[in-house]
Amino acid sequence: MTTTAIPGLGTAPTDHAGLLRWVRDTAELTQPAEVVWCDGSDAEWTRLTDQLVAAGTFTRLDQDKKPNSFYCASDPSDVARVEDRTFICSRNAEDCGPTNNWMDPADMKALLAERFRGSMRGRTMYVIPYCMGPLTAEEPQLGVEITDSPYVVVSMKIMTRMGTAALARFTENGVHRPYVSGMHSVGAPIARGEADVAWPCNDTKYIVHFPEERTIWSYGSGYGGNALLGKKCHSLRIASAQAHDEGWLAEHMLVLKLTSPADKAYYIAAAFPSACGKTNLAMIEPTLPGWRAEMIGDDIAWLRFGEDGRLRAVNPEFGLFGVAPGTGWKTNPNAMRTVAQGNSIFTNVALTDDGDVWWEGMTEQAPAHLTDWKGRNWTPDSDKPAAHPNSRFCTPLAQCPIVAPEWDDPAGVPIDAIIFGGRRNGTIPLVTEARDWQHGVFLGATMSSETTAAAAGRTGVVRRDPMAMLPFLGYHAGNYFAHWMDIGKGADSAKLPKVFYVNWFRRDSDGAFVWPGFGENSRVLKWAVERIEGTAAAVDTPIGRVPAPGALDTEGLDITDAQLTKALEVDVTQWRDEIPGIEEWFAKIGSKVPSALRDELESLTLRLG
Ligand code: GTP
Ligand code: SPV
Ligand code: MN
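Everything in the sequence shown is counted per my numbering, starting at 1 for the first residue and increasing by one.
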């Protein structure tokens, strides 16, 4: 290994000149007590998790129940992504678009440099080289996160391929590869003699992206998507801008492999907004006999055309950062099996008296006593949930018992179907098939969902969330829609995935879900696959094609006729009420909305009458 001495900063395990310069400059700005280059080893994990236990950030879980695993409670103010503090600082405001916050990059850097100045005093600055997607890729997608949070380091070990193996790909045959640089600080310097807190953070937060420079500056939060920069900041916001320039797609999608009783495999990608069911669908246990599902990824997909002319998906991630509440042996047994193997971090869940974790929905009956996510005593009579609604498990993807063998293949998997979906208590039927690619892009561009606890702010508010990317677009939404149209134009239409739109969350007048969801969603996947094969019947409606009566396999399904009718219903009155919201949405995006999508809206309006 090549090493380079940096005066005052020890020895760096690389001779990548650009990287060395940036690390030195960052240390000069943030003034940490020391600089550590992360190697990603198990020894490093043990050292840092021991340190986090000693600091009171982590509580070690019972070795027999959850080996090598930790409970962690964040500061109660730092529990979710902060969309109003997230910025896309493109050179021109015009390139950022109306759905993102913008500031001039030079102004933002000047402002933030003052925040970062001395922000790591008293702390260790960790340098984390990482690779998104397979390490064996011909062109590995590299990044470096500099952080003053050991919680981030151990989480990044689970979520990304990081350390020595990633760093080895920065320089090959004397050539230095480009990488995404991410500077992260919790924004809580420790003065001499002052004690640290268990979860340092700052009330002021900035999650900032400079898409042209492929650079991220994140300040003030230690949580998930704000702080684990390989995830949303790199693999979606920066990558979406890069993908637009280079002719591919970076999407908020799960990828699963579904094998039919005839032993034919299909790859399905699905985009649902945050906390709307990606992890659950990615790990589905089909209730239909003979159908088998395997997981490729649960949150992010990078889609590129292969030499075969098909859109192929790679999961850039190495771990799962999944919503804990609602995850149980009945709803998502494969997630339960994954975390049962240990090597996991549980943030803002509840702690049991015998050193395990619990959250709402894990078991039907709550334990008699818990320590809740705020560290308080909790009993089943408590009027507050024991786990925060956005509490998360962070666990290695390879531990999932149904991970597909090809999950780490740099060639990706060829996508047969793209499914869009949201959380809507009315209007949107269980499943709709798009007539063609253009109609599919229209469905994605106009999809809507209720806000969830995954982002700070009010929950349950319906908003447009195009392709589930509203909080993750690194550029103008109108250009993004045009890019999706171009992807379709550049392809052989017979090889393009078929597009569907689903809603697992429709409710009856009593507020109960009409569709049982989870494993039963395999019935919808089966219909989609049979549509691809041309063997299932559909009827045309004003909004698209829906299952013909009897075409959806309901054999053995515990559902009343009334519930099934409600789940599948295309309610023209409700749809007419939907139109003004879509018009407003297109008006907000403005002149960059492709005319083809405006045509789709006009013909939808005409069909609804
Ligand atoms: P992010 O990680 O935030 O991007 O979320 P996600 O899309 O992976 O969501 P996830 O699968 O974790 O689901 C979020 C919540 O929705 C959990 O509480 C699930 O239990 C619940 N959920 C998932 N699928 C279904 C379903 O089919 N029906 C119902 N009723 N709830 C579901
Ligand atoms: C989401 O909010 O969509 C997540 C969690 O997957 S986070 O990593 O915090 O973005
Ligand atoms: Mn997500």
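Using N, Cα and C, we set each Cβ at its ideal position, and we do this for glycine too.
According to the DSSP secondary-structure assignment, Glu450 is paired through a beta bridge with Val462.
Assigned with DSSP and collapsed to three states, Ser603 falls in helix. DSSP links Lys498 through a beta bridge to Ala417.
Between the ligand SPV and the CB of Asp84, the shortest heavy atom gap is not smaller than 7 Å. Ranked by Cα distance from Ala335, the options Leu397, Gly490, Ala404, Gly609 are led by Leu397. Taking the Cβ atoms as the reference, Arg598 lies roughly 7 Å from Phe586, within the contact range of under 8 Å.
For Asp540, the enclosing beta strand (DSSP E) starts and ends at 538 to 541. Of Val208, Arg91, Ile415, His483, the smallest CA-CA separation from Leu112 is found for Val208.
Rounded to whole angstroms, the separation of the alpha carbons of Glu360 and Ala386 is 7 Å. In this structure, the straight-line span from the alpha carbon of Asn68 to that of Trp358 is close to 17 Å. As computed with DSSP, Arg60 is found in a beta bridge with Phe70. When Cβ pairs closer than 8 Å are counted between the two stretches, the stretch 455 to 463 is seen not to touch the stretch 534 to 544, the count staying below three. Gln31 carries a coil assignment under DSSP once its states are collapsed to helix, strand and coil. For Trp329, no beta strand (DSSP E) run applies, since DSSP gives it neither H nor E. When secondary structure is reduced to three states using DSSP, Val153 falls in the helix class.
The residue from Thr11, Tyr130, His16, His176 with its alpha-carbon nearest to that of Gly40 is Tyr130. Counting C-beta pairs closer than 8 Å gives fewer than three between the stretch 515 to 531 and the stretch 475 to 488, which falls short of the contact rule.
Between Met162 and Trp217, the CB-CB gap reaches or exceeds 8 Å.
A Cβ-Cβ contact shorter than 8 Å links Leu311 with Leu303. The C-alpha of Ala17 is placed about 30 Å away from the C-alpha of Asp409. Nearest in C-alpha terms to Arg292, of all of Leu496, Ala262, Tyr223, Leu606, is Ala262. Every alpha helix (DSSP H) of 4 residues or more that sits fully in the stretch 471 to 535 is shown, in chain order, as 477 to 489, 522 to 533. The straight-line gap separating the alpha-carbon atoms of Gln31 and Ser119 is approximately 7 Å. For Leu564, the uninterrupted alpha helix (DSSP H) run begins and ends at 561 to 568, by DSSP. In the three-state reduction of the DSSP assignment, Met362 falls in the coil class. For Cys96, there is no enclosing beta strand (DSSP E); the enclosing alpha helix (DSSP H) covers residues 93 to 96. With a cutoff of 8 Å on beta-carbon distance, Val529 and Tyr71 are scored as not near each other. Annotation: the stretch 126 to 202 contains the following complete segments of the beta strand (DSSP E) (minimum length 3 residues), in chain order: 141 to 147, 180 to 185. At a cut-off of 7 Å, the beta-carbon of Pro289 does not count as near the ligand GTP: no heavy atom of the ligand is closer than that. Going by beta carbons, Pro211 and Glu285 fall outside the 8 Å limit. Contact between the stretch 374 to 393 and the stretch 460 to 471 is not established, with fewer than three Cβ pairs separated by less than 8 Å. DSSP places Ala243 in the helix class (H, G or I) of the three-state scheme. Under the three-state reduction of DSSP output, Pro580 falls in the helix class. For the stretch 287 to 336, the continuous beta strand (DSSP E) assignments of 3+ residues that do not extend past its boundaries occur at 292 to 297, 301 to 305, 311 to 314, 319 to 323, in sequence order. In the three-state reduction of the DSSP assignment, Ser218 falls in the strand class. Cys233 sits in a helix when the DSSP states are folded into three classes.
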